[in-house]
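Number of protein chains: 2
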Amino acid sequence: MVEQTFQPAPKLGLCDLNQNIIDAEYAIRGAIPTRAEELEFQLSTTTDGDLPFNNVVYASIGNPQQLDQKPLTFTRQVISILQYPELIKSKDVLIANGLYKKDAFDRACKLLTQIGKSVGAYTCTQGVYGIRETVANSIFRRDGFPADPNDIFLTDGASKAATYLLSILCKDKSTGILVPIPQYPLYTASITMYNATMLPYYLDESSNWSTNADEIEQIVVDSIAKGIKPRVIVVINPGNPTGAVLSFDTIAKIFKVAAKYGIVVIADEVYQNNIYYEEVQFYSMKKVLRTLQRDETGYENVQLASLHSTSKGVFGECGQRGGYMEIVGFTDEVRQVITKLASISICSVVTGQALVDLMVDPPKEGDDSYQLDRTERLTIHNNMKERGFLLYEIFSKLEGINCQKPQGAMYLFPTLLLPKKALEEAKKLNLLPDEFYCLRLLEATGICTVPGSGFGQVDGTWHVRTTFLAPGTKWIKDWETFHKEFYDQYRD
Amino acid sequence: MVEQTFQPAPKLGLCDLNQNIIDAEYAIRGAIPTRAEELEFQLSTTTDGDLPFNNVVYASIGNPQQLDQKPLTFTRQVISILQYPELIKSKDVLIANGLYKKDAFDRACKLLTQIGKSVGAYTCTQGVYGIRETVANSIFRRDGFPADPNDIFLTDGASKAATYLLSILCKDKSTGILVPIPQYPLYTASITMYNATMLPYYLDESSNWSTNADEIEQIVVDSIAKGIKPRVIVVINPGNPTGAVLSFDTIAKIFKVAAKYGIVVIADEVYQNNIYYEEVQFYSMKKVLRTLQRDETGYENVQLASLHSTSKGVFGECGQRGGYMEIVGFTDEVRQVITKLASISICSVVTGQALVDLMVDPPKEGDDSYQLDRTERLTIHNNMKERGFLLYEIFSKLEGINCQKPQGAMYLFPTLLLPKKALEEAKKLNLLPDEFYCLRLLEATGICTVPGSGFGQVDGTWHVRTTFLAPGTKWIKDWETFHKEFYDQYRD
Numbered sequence: 001m002v003e004q005t006f007q008p009a010p011k012l013g014l015c016d017l018n019q020n021i022i023d024a025e026y027a028i029r030g031a032i033p034t035r036a037e038e039l040e041f042q043l044s045t046t047t048d049g050d051l052p053f054n055n056v057v058y059a060s061i062g063n064p065q066q067l068d069q070k071p072l073t074f075t076r077q078v079i080s081i082l083q084y085p086e087l088i089k090s091k092d093v094l095i096a097n098g099l100y101k102k103d104a105f106d107r108a109c110k111l112l113t114q115i116g117k118s119v120g121a122y123t124c125t126q127g128v129y130g131i132r133e134t135v136a137n138s139i140f141r142r143d144g145f146p147a148d149p150n151d152i153f154l155t156d157g158a159s160k161a162a163t164y165l166l167s168i169l170c171k172d173k174s175t176g177i178l179v180p181i182p183q184y185p186l187y188t189a190s191i192t193m194y195n196a197t198m199l200p201y202y203l204d205e206s207s208n209w210s211t212n213a214d215e216i217e218q219i220v221v222d223s224i225a226k227g228i229k230p231r232v233i234v235v236i237n238p239g240n241p242t243g244a245v246l247s248f249d250t251i252a253k254i255f256k257v258a259a260k261y262g263i264v265v266i267a268d269e270v271y272q273n274n275i276y277y278e279e280v281q282f283y284s285m286k287k288v289l290r291t292l293q294r295d296e297t298g299y300e301n302v303q304l305a306s307l308h309s310t311s312k313g314v315f316g317e318c319g320q321r322g323g324y325m326e327i328v329g330f331t332d333e334v335r336q337v338i339t340k341l342a343s344i345s346i347c348s349v350v351t352g353q354a355l356v357d358l359m360v361d362p363p364k365e366g367d368d369s370y371q372l373d374r375t376e377r378l379t380i381h382n383n384m385k386e387r388g389f390l391l392y393e394i395f396s397k398l399e400g401i402n403c404q405k406p407q408g409a410m411y412l413f414p415t416l417l418l419p420k421k422a423l424e425e426a427k428k429l430n431l432l433p434d435e436f437y438c439l440r441l442l443e444a445t446g447i448c449t450v451p452g453s454g455f456g457q458v459d460g461t462w463h464v465r466t467t468f469l470a471p472g473t474k475w476i477k478d479w480e481t482f483h484k485e486f487y488d489q490y491r492d
Numbered sequence: 001m002v003e004q005t006f007q008p009a010p011k012l013g014l015c016d017l018n019q020n021i022i023d024a025e026y027a028i029r030g031a032i033p034t035r036a037e038e039l040e041f042q043l044s045t046t047t048d049g050d051l052p053f054n055n056v057v058y059a060s061i062g063n064p065q066q067l068d069q070k071p072l073t074f075t076r077q078v079i080s081i082l083q084y085p086e087l088i089k090s091k092d093v094l095i096a097n098g099l100y101k102k103d104a105f106d107r108a109c110k111l112l113t114q115i116g117k118s119v120g121a122y123t124c125t126q127g128v129y130g131i132r133e134t135v136a137n138s139i140f141r142r143d144g145f146p147a148d149p150n151d152i153f154l155t156d157g158a159s160k161a162a163t164y165l166l167s168i169l170c171k172d173k174s175t176g177i178l179v180p181i182p183q184y185p186l187y188t189a190s191i192t193m194y195n196a197t198m199l200p201y202y203l204d205e206s207s208n209w210s211t212n213a214d215e216i217e218q219i220v221v222d223s224i225a226k227g228i229k230p231r232v233i234v235v236i237n238p239g240n241p242t243g244a245v246l247s248f249d250t251i252a253k254i255f256k257v258a259a260k261y262g263i264v265v266i267a268d269e270v271y272q273n274n275i276y277y278e279e280v281q282f283y284s285m286k287k288v289l290r291t292l293q294r295d296e297t298g299y300e301n302v303q304l305a306s307l308h309s310t311s312k313g314v315f316g317e318c319g320q321r322g323g324y325m326e327i328v329g330f331t332d333e334v335r336q337v338i339t340k341l342a343s344i345s346i347c348s349v350v351t352g353q354a355l356v357d358l359m360v361d362p363p364k365e366g367d368d369s370y371q372l373d374r375t376e377r378l379t380i381h382n383n384m385k386e387r388g389f390l391l392y393e394i395f396s397k398l399e400g401i402n403c404q405k406p407q408g409a410m411y412l413f414p415t416l417l418l419p420k421k422a423l424e425e426a427k428k429l430n431l432l433p434d435e436f437y438c439l440r441l442l443e444a445t446g447i448c449t450v451p452g453s454g455f456g457q458v459d460g461t462w463h464v465r466t467t468f469l470a471p472g473t474k475w476i477k478d479w480e481t482f483h484k485e486f487y488d489q490y491r492d
C-alpha cells in the first residue's frame, strides 16, 4: 500500500447539485411504485406465505404489455423484418408456413427504402422523411386539413417532445406555464427542472373534470399583473389522470386565450385513440385551430405543438419509444432552435419511427393482415372499455369513493373521502392521507397505484390514480375487499 | 369570416426563449451537414448533370450502417425474435431453412425471460436487471475487478447518460466542467445548456493528442482562485475526434487530480473496442481506479461514471439507441437524484437494452453462431483499420495537411495549414477558414466533414474531422484531387 501524498477531497453532497433537479418530483416512479418493486423482489426470492398476495399488480403506470396486452401481430411482423431483412429473401417459405403475411413484407420493404439502409443507422434529426409524409397524410385524414411533413418531428415517445419544448420555452422564473391540475407529472417536473413558474388551472371534478377557459384567462390576467408572463399552456386531451375529453367549443375557447395573449399551446394528445363512448368525440387541437383560422380572424399567430405516442391507444408499445410531434405556427428562427436541440440527441430510435408509421397507417381492407389486425385492435379496445367501466361501477358503489365516468385515456382518478381516523393515522406515520391509503392498498393486496398528490388536487381533497389495464377481475375484487375493511377500521 | 373580437398577440421571438439553449452549438448537425442534406435532396430530385458528384459521402458522423457496414447477423436474429416471439414456435423450421441459428433462439428466450413479458413494456428505470447482471459480468472480465448490477444504468446511447449527469452536476455558473479540447461537442453544448462554466484542457497534437495531468491540475488551481469550482472532468478515451488512447499512467494521474480536488470523472469510453494497433492498449478508467484503490490510499472518495454505447465498436447500431453507464463512488443521496432524473423519461428503449446484452456477451466458441459472428466482427474491425490507415497515409503525403496516426475511435482530425489567400477568401465569405475548406470540399466532391471549430482547437489552428467509415477508395481519391486543386488555387 503506497502512502497517500495528498489530502483526498470529500464526495459530492446534494448541496453541490442542480437544485432544480433535486426539487423535481415524479410520482409515477415515486415511493409507492418503489415499494411495489421491493415487494415484487421479495415475492421472487422468498416463499409464498410471507405476503398476503402472490403478485404485484402495477395499476400505477399506463404500461399495457406489462399487463398481458398482446402486441399487434402485423406491427411486430414488420418490425422483425426491419431488424433482420435477411427474412425477405425467404419470404415465400415464411408465408407458406403461416409465420408472416405478405403485406408485412411489402410494408417492411417500403419502410427500408424510406429509412435508407438499416434501422441501425442514425436518421436525420426530424426522422425519416417518408414516415413523416405518412404521418402528415394521417393527420389530414383525421382533421380534414393538410399537414406538412416538415412540421413533424419523430421523437422517443411523447415525453421527449414535451421536454424539448419546455426546455426551450422556459426562459426563466418570469416564464409562466399553465398546467391543468390534476396533470401528468412530467409537466410539473419539467417546469421545476427548467426553473419556470407553474400556473395551475384546476379542472372541475364535479362536471367530469371539465376545463374552464374563462378561469384560464383570469389566471393569465392575474399572473401578468404579478410580472409572470404566461408563455405556454399544456392541454392534456383526453386527460391524464382524469380521462376527460374536451369539446370543440372548449378547445376553441382555449385558443382564443392563447391567441389573445400569445401563449404557445402544447397539446398532449397521446390518448386520442382511447375513447370509449359513442357520445364522446375527440377533436384534435390542430383541427380546431385550422377551423378557427378558416372561419374567423385573430388566430393567425397561434403556435401549437401536438404530441402523440405509440405507447398508448391499442398499440401500447411503451418500451419501444415511438412518438411524434407536429409543430404549427412557430417562426422559422424558433423552429431552428427546436431542430438544433433535437439534433443534439441526433435522432429518435429508428424502429420507434417505424412503429409510428404502423400506428398511423394500419392494414386496409383487402390487405392480407386486415382481418386479424382489426380483430386484435377491437379486442384490445373493448377489453379496456369493459375493464374501465367495471372498475368505475365498483367504485361507484363503495363507501367513501366518488368516481367520474371515464370518457377516455386509461385511468380512473376517484376522490377518496377519508375518515378522520385515517387522516390521523396517516399523520402519525408522516404520510399524506392518499399516500397512506395507497400504501395500505399495496401492502394488503399487491395493487400498486399512485396517490393523487403526485398529480395535484384541490387542497384538502385526496385521490388515487389507477389504470384499468390489469387483466381479470380478481384484483378488482381484492381492492373492493381491502377498501371495505379499511373503512370498517377507520370509519368515524 | 367572423370579425375578431380581440387583438392577437405576436408570435414568440428568440428573445422569449431559454438563452442557454439558443447559445448551445452542435456542429455534427451544423451548417455543413445541413448543406449536405440539401445537396442530397437536390441529387434525388434533379438530373445527374447538375452537380459534380453523384452521391453525398457522410464522413461527418460516426454512422457506420449508413455507410454500408452490415449489422452482425446473430445480433439481428435475436432482436427480430424479441420483436416477434411467435417465431419461437416454429424455430425448427426456421433453423432447418438456414434462416436462424439455434443459439439465437436460446438467447432470445433468455432475454424475454429477463425482460418479463415484451419489449413493448416499460422496464424499471435502470433497465432490465438480468441484462445489468450480464453487463456487470462483462466489466469484471474486462477489468479483473467486480462490478455491481445496481451501479449500471441502461441508457439510450451514451449521450443520454452524459446529459443526465451534466444536468445534475451543473449547479450554476460557478460550476466548472473540465473538457478536453478538441472534444465531442455534446459536452460543450450541454455545459452551455445547463449554464455552467467550461474549463478547457488542451490535448497536445504534437505528441499524438496526449493528455497532460499537470496542466489539468494547474487549470483546477487557477479556476478555484477565480471562484469557479471544478466539479467534473470529462475524459474521452479513445478520443473523439483525436483517436488518442490514454496510457494507464496518464489515467492514474487524472485520478490523482480528481481525488485531490473532489472532481467527478465522466469517462466517455464508447470507442473502447475501436483500437487498431497491438502496441496500443485500452485501459478502462474503472480498472485504473480500482487498481489505485487497491494499491494506494487517498482514492476512496473518487466518483466515476463510465459511458458505453452500442453505436460504435463493430456493432455500429446507432439508430437503435443502446448504451449503459456504470456509476461508482457516488453517495446514496446523489445516486437517488440520478435515478429520479432517469425515471422521468421512464426507461431506455428495450430493444436497445437487449443490444447491450448482445454487445457485451457475444457468441462463444462452440455456439452455433460463433464462427460467423467472429468472422463478421473481424471483417468490420479490419476494414476500419485499413481505411483509417489508408486515409492517414494519403493525408501524410499531402501538402498543407498534418495528421496524427489514428490509435483508436473512427476519426481523423488533421491540421489544415491553410494558405493566406484561402484565409482571405474565407473572411470575404464570412466563414471560418476550416468551414470554408469543408464547404468547398463538400460542394466539389459531395464529401461531408465537420470543421475543427466545431470541436475546439488551439486559436489560429484549423482542422477537419472525418470518419474513416465510408467504403471504397474513390472518395479518398476525390478528396486528394480536391485538396491538390484547392492548394493550387490558393497557394501563397
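Going down the list, the sequences are from chains A and B. So the first sequence is numbered by UniProt numbering: it starts at 1 and just counts up by one. So the second sequence is numbered by UniProt numbering: it starts at 1 and just counts up by one. The beta-carbon is built from N, C-alpha and C at its ideal position, and this holds for glycine as well. Source: prediction; values computed, not measured.
Checklist entry - Going along the chain, which residues of its own chain have a beta-carbon closer than 8 Å to the beta-carbon of residue 342 (chain B), five neighbours each way excluded? => result In the second sequence, the residue the question calls residue 342 (chain B) occupies position 342. Result list for residue 342 (chain B): 125, 126, 153, 155 and 164, in chain order.
Item to check | Through-space distance from residue 219 (chain A) to residue 358 (chain B), alpha-carbon basis | outcome: The residue given as residue 358 (chain B) occupies position 358 in the second sequence. The residue given as residue 219 (chain A) occupies position 219 in the first sequence. Rounded to whole angstroms, residue 358 (chain B) to residue 219 (chain A) spans 53 Å at the Cα level.
Item to check | Given residue 391 (chain B) as reference, the closest of B:133, B:122 and B:412 once Cα atoms are compared | outcome: Position 391 of the second sequence holds residue 391 (chain B). Its Cα nearest to that of residue 391 (chain B), the residue B:412 stands out among B:133, B:122 and B:412.
Checklist entry - Going straight from the alpha carbon of residue 318 (chain B) to that of residue 26 (chain B), what length do you get? => result Position 318 of the second sequence, counting from 1, holds the residue named residue 318 (chain B). Position 26 of the second sequence, counting from 1, holds the residue named residue 26 (chain B). Their backbone Cα atoms lie some 18 Å apart in a straight line.
Checklist entry - Which partner residues of residue 448 (chain B) appear in the DSSP bridge assignment? => result Reading the second sequence from its first residue, position 448 is the one you call residue 448 (chain B). Per DSSP, the beta bridge partners of residue 448 (chain B) are B:58.
Checklist entry - For the putative contact between residue 408 (chain A) and residue 221 (chain A), defined by C-beta atoms under 8 Å, what is the C-beta separation to the nearest angstrom? => result Counting from 1 along the first sequence, the entry for residue 408 (chain A) is found at position 408. Counting from 1 along the first sequence, the entry for residue 221 (chain A) is found at position 221. Wrong, their Cβ atoms sit about 30 Å apart, outside the cutoff.
Next on the checklist: Below 8 Å, how does it come out for the region 50-66 of chain A and the region 373-382 of chain B: are there three or more Cβ pairs, yes or no?
Outcome noted: Three or more beta-carbon pairs separated by less than 8 Å are not found between the region 50-66 of chain A and the region 373-382 of chain B, which leaves the two stretches without contact.
Checklist entry - Do you know how far the Cα of residue 114 (chain B) is from the Cα of residue 417 (chain B)? => result In the second sequence, counting from the first residue as 1, residue 417 (chain B) sits at position 417. In the second sequence, counting from the first residue as 1, residue 114 (chain B) sits at position 114. Each residue's Cα considered, the two are about 55 Å apart.
Next on the checklist: Do residue 454 (chain B) and residue 185 (chain B) have their beta-carbon atoms positioned less than 8 Å apart in this structure?
Outcome noted: One-based indexing of the second sequence puts residue 185 (chain B) at position 185. One-based indexing of the second sequence puts residue 454 (chain B) at position 454. Their beta carbons are under 8 Å apart, which means residue 185 (chain B) touches residue 454 (chain B) by this criterion.
Checklist entry - Does the distance from the C-beta atom of residue 179 (chain B) to that of residue 198 (chain B) stay below 8 Å? => result For the purposes of this step, residue 179 (chain B) is taken as residue 179 along the second sequence, with counting starting at 1. For the purposes of this step, residue 198 (chain B) is taken as residue 198 along the second sequence, with counting starting at 1. Taking 8 Å as the Cβ cut-off, residue 179 (chain B) and residue 198 (chain B) qualify as a contacting pair.
Item to check | Chain-ordered neighbours of residue 158 (chain A) on chain B, where CB pairs are closer than 8 Å | outcome: The residue given as residue 158 (chain A) occupies position 158 in the first sequence. The premise fails here: residue 158 (chain A) is roughly 11 Å from chain B at the closest Cβ pair, so nothing lies under 8 Å.
Next on the checklist: I'd like the list of long-range same chain contacts for residue 159 (chain A), defined as Cβ closer than 7 Å, with 5 residues on each side in sequence excluded.
Outcome noted: Taking the first residue of the first sequence as 1, we reach residue 159 (chain A) at position 159. 186, listed in sequence order.
Checklist entry - Interface residues of chain A around residue 105 (chain B) at Cβ under 8 Å? => result Here residue 105 (chain B) corresponds to residue number 105 of the second sequence, with the count starting at 1. Those do not exist, as residue 105 (chain B) stays about 13 Å from chain A at its closest Cβ, beyond 8 Å.
Item to check | Backbone CA spacing between residue 431 (chain B) and residue 182 (chain B) [nearest angstrom] | outcome: Counting from 1 along the second sequence, the entry for residue 431 (chain B) is found at position 431. Counting from 1 along the second sequence, the entry for residue 182 (chain B) is found at position 182. Residue 431 (chain B) and residue 182 (chain B) have their C-alpha atoms some 20 Å from each other.
Checklist entry - What first and last residue would you give for the alpha helix (DSSP H) that runs through residue 200 (chain A)? => result Here residue 200 (chain A) corresponds to residue number 200 of the first sequence, with the count starting at 1. Here residue 200 (chain A) belongs to no alpha helix (DSSP H); instead the beta strand (DSSP E) covers 197-202.
Checklist entry - Short check: CB of residue 8 (chain B) to CB of residue 237 (chain A), under 8 Å? => result Locating residue 8 (chain B) in the second sequence gives position 8, where the first residue counts as 1. Locating residue 237 (chain A) in the first sequence gives position 237, where the first residue counts as 1. Against a cut-off of 8 Å, the Cβ pair of residue 237 (chain A) and residue 8 (chain B) comes out as no contact.
Item to check | Bounding residues of the beta strand (DSSP E) (the contiguous stretch that carries residue 190 (chain A)) | outcome: For the purposes of this step, residue 190 (chain A) is taken as the residue at position 190 of the first sequence. First-last for residue 190 (chain A): 186-193, but that is the alpha helix (DSSP H), not the beta strand (DSSP E).
Checklist entry - From A:308, A:458 and A:196, pick the residue whose C-alpha is nearest to that of residue 266 (chain A); which is it? => result As a working mapping, residue 266 (chain A) is identified with position 266 in the first sequence. The alpha carbon of residue 266 (chain A) has as its nearest neighbour, out of A:308, A:458 and A:196, the alpha carbon of A:308.
Checklist entry - Shorter than 8 Å from the beta carbon of residue 121 (chain B) to some beta carbon of chain A? => result Reading the second sequence from its first residue, position 121 is the one you call residue 121 (chain B). Yes, because at least one Cβ of chain A sits closer than 8 Å to the Cβ of residue 121 (chain B).
Checklist entry - residue 44 (chain A) to residue 119 (chain B), Cα distance in whole Å? => result Taking the first residue of the first sequence as 1, we reach residue 44 (chain A) at position 44. Taking the first residue of the second sequence as 1, we reach residue 119 (chain B) at position 119. Whole-angstrom Cα-Cα distance: 21 Å.
Next on the checklist: Taking 8 Å as the threshold (beta carbon to beta carbon), is residue 293 (chain B) in contact with chain A?
Outcome noted: Indexing the second sequence from 1 puts residue 293 (chain B) at position 293. No, residue 293 (chain B) does not count as interfacial toward chain A.
Item to check | Contacts that residue 76 (chain B) makes with chain A (C-beta to C-beta distance below 7 Å) | outcome: Counted from its first residue, the second sequence places residue 76 (chain B) at position 76. Near residue 76 (chain B) (Cβ distances below 7 Å), the residues of chain A are 83 and 84.
Checklist entry - Buried or exposed: residue 347 (chain B), going by 16 or more other Cβ atoms within 10 Å of its Cβ? => result Position 347 of the second sequence holds residue 347 (chain B). The residue in question, residue 347 (chain B), is buried, as its Cβ has 16 or more Cβ neighbours within 10 Å.
Checklist entry - Quick one: does residue 188 (chain A) have its CB under 8 Å from some CB of chain B? => result The count along the first sequence starts at 1 and reaches residue 188 (chain A) at position 188. So, not an interface residue.
Checklist entry - Taking 8 Å as the CB-CB cut-off, is residue 344 (chain B) touching chain A? => result Locating residue 344 (chain B) in the second sequence gives position 344, counting from the first residue. Closer than 8 Å to some Cβ of chain A, the Cβ of residue 344 (chain B) qualifies, so yes.
Checklist entry - For residue 39 (chain B) and chain A, any beta-carbon pair shorter than 8 Å? => result Sequence index remark: in the second sequence, residue 39 (chain B) carries index 39 (1-based). Judged by the 8 Å Cβ criterion, residue 39 (chain B) is not in contact with chain A.
Next on the checklist: According to DSSP, is residue 411 (chain A) part of a helix, a strand, or is it coil?
Outcome noted: Taking the first sequence and counting its residues from 1, the one referred to as residue 411 (chain A) is at position 411. Strand, per DSSP.
Checklist entry - Going along the chain, which residues of the region 258-277 of chain A sit with their C-beta nearer than 9 Å to a C-beta in chain B? => result Taking 9 Å as the Cβ-Cβ cut-off against chain B, the residues of the region 258-277 of chain A that qualify are 258, 259, 260, 261, 262, 263 and 264.
Next on the checklist: Is there a C-beta anywhere in chain A that falls below 8 Å from the one on residue 117 (chain B)?
Outcome noted: Your numbering for residue 117 (chain B) matches position 117 in the second sequence. The Cβ of residue 117 (chain B) sits closer than 8 Å to at least one Cβ of chain A.
Checklist entry - Residue ranges of each beta strand (DSSP E) run of no fewer than 3 residues wholly in the region 93-166 of chain B, ordered along the chain? => result Here the runs fully enclosed are 152-154.
Checklist entry - Quick one: is residue 125 (chain B) near chain A, going by C-beta distance under 8 Å? => result For the purposes of this step, residue 125 (chain B) is taken as the residue at position 125 of the second sequence. Proximity of residue 125 (chain B) to chain A, defined by a Cβ-Cβ separation below 8 Å, is satisfied.
Next on the checklist: Rounded to the nearest angstrom, what separates residue 94 (chain A) and residue 110 (chain A) at their Cα positions?
Outcome noted: Working through the first sequence from its first residue, we reach residue 94 (chain A) at position 94. Working through the first sequence from its first residue, we reach residue 110 (chain A) at position 110. Computed Cα separation, rounded: 19 Å.
Next on the checklist: Do residue 77 (chain B) and residue 121 (chain B) have their beta-carbon atoms positioned less than 8 Å apart in this structure?
Outcome noted: Here residue 121 (chain B) corresponds to residue number 121 of the second sequence, with the count starting at 1. Here residue 77 (chain B) corresponds to residue number 77 of the second sequence, with the count starting at 1. Not a contact, by the Cβ cut-off of 8 Å.
Item to check | residue 363 (chain B), buried or exposed, once every other Cβ within 10 Å from all chains shown has been counted against 16 | outcome: One-based indexing of the second sequence puts residue 363 (chain B) at position 363. Around the beta-carbon of residue 363 (chain B), 16 or more other beta-carbon atoms lie within 10 Å, marking it buried.
Item to check | Cutoff 6 Å; reference residue 298 (chain A); Cβ partners in own chain excluding five residues on either side | outcome: For the purposes of this step, residue 298 (chain A) is taken as residue 298 along the first sequence, with counting starting at 1. Hits under 6 Å: 259.
Item to check | Continuous beta strand (DSSP E) stretch holding residue 231 (chain A): start and end | outcome: By one-based count along the first sequence, residue 231 (chain A) stands at place 231. From DSSP, the beta strand (DSSP E) with residue 231 (chain A) extends over 229-236.
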